[in-house]
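Going letter by letter, the sequence shown gives residues 77 to 248 in the working numbering. All remarks here apply to the structure that follows.
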Amino acid sequence: MSRKIVLLWVVVLLLAGCQSQTRIDSDPPIMLTVEPRPAPDTVLPVLGGEETTLQAWKGTGIVLNFWATWCGPCREEMPLLVEYANSHPEIAVIGVNSQEDAETAQAFVEEYGISFPILLDERGVMGNRLQLQALPMTVFIGPDGKLRGRHVGQLTPALLDAWLPALTSSDE
């Protein structure tokens with residue numbers, strides 16, 4: 077009986093050693109859009125305001141960040157987005173609250189001191205059109221209104237800085 081227990085522990089330890097050794101602090105690769113295409117022209121309400129579309133920001137590069145209040149990585153990256161929006165006024169940082177009501181989103185906005193626009197995608201329409209896979213997800217749109225790429229997962233300062241040239245130039 078004790079021999080079986082020892083053998084079982086050996087197998088468990090061997091399997092535990094087979095886990096992949098990925099660096100947690102390394103940036104995932106940037107996912108570029110192969111052929112830039114126009115961003116979807118979805119009409120969504122702005123938190124505390126009227127309805128709008130992304131066309132309202134045409135001529136300006138956009139960092140479009142999908143988030144939800146229950147998403148831990150979304151909460152962790154929000155101070156970075158607030159700071160980025162404040163330090164890069166030439167870029168439109170726009171949050172898209174995914175499938176939550178306005179009251180829930182408003183409490184989050186107040187908690188994090190968010191001053192950039194928040195679109196409410198309560199039914200997930202824009203998320204579906206942009207193939208939202210997981211939260212957080214950030215979509216990068218050039219000043220020409222075309223999708224440049226997207227990143228699934230938490231943002232880093234280095235990742236945002238790497239996208240800055242694509243957001244300030246209409247060149248493809």
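Beta carbons: idealized from backbone N, C-alpha and C, even for Gly. Remember, it's a predicted structure, so these values are computed and weren't measured experimentally.
In this structure the stretch 160 to 173 touches the stretch 181 to 193; the number of beta carbon pairs closer than 8 Å is three or more. Taken through DSSP and simplified to helix, strand or coil, L140 comes out as strand.
One thing to note: S174 has its Cβ no nearer than 8 Å to the Cβ of G137. Comparing alpha-carbon positions, the option among V139, P121, P114 and D117 lying closest to A238 turns out to be V139. With distances taken between CA atoms, I194 lies nearest to L157 out of G225, Q209, L157 and A210. Between L211 and C150 the beta-carbon gap is near 6 Å, inside 8 Å, which marks them as a contact. Between the alpha carbons of F216 and L120 lies a gap of roughly 18 Å.
The Cβ atoms of P116 and M202 sit closer than 8 Å to each other.
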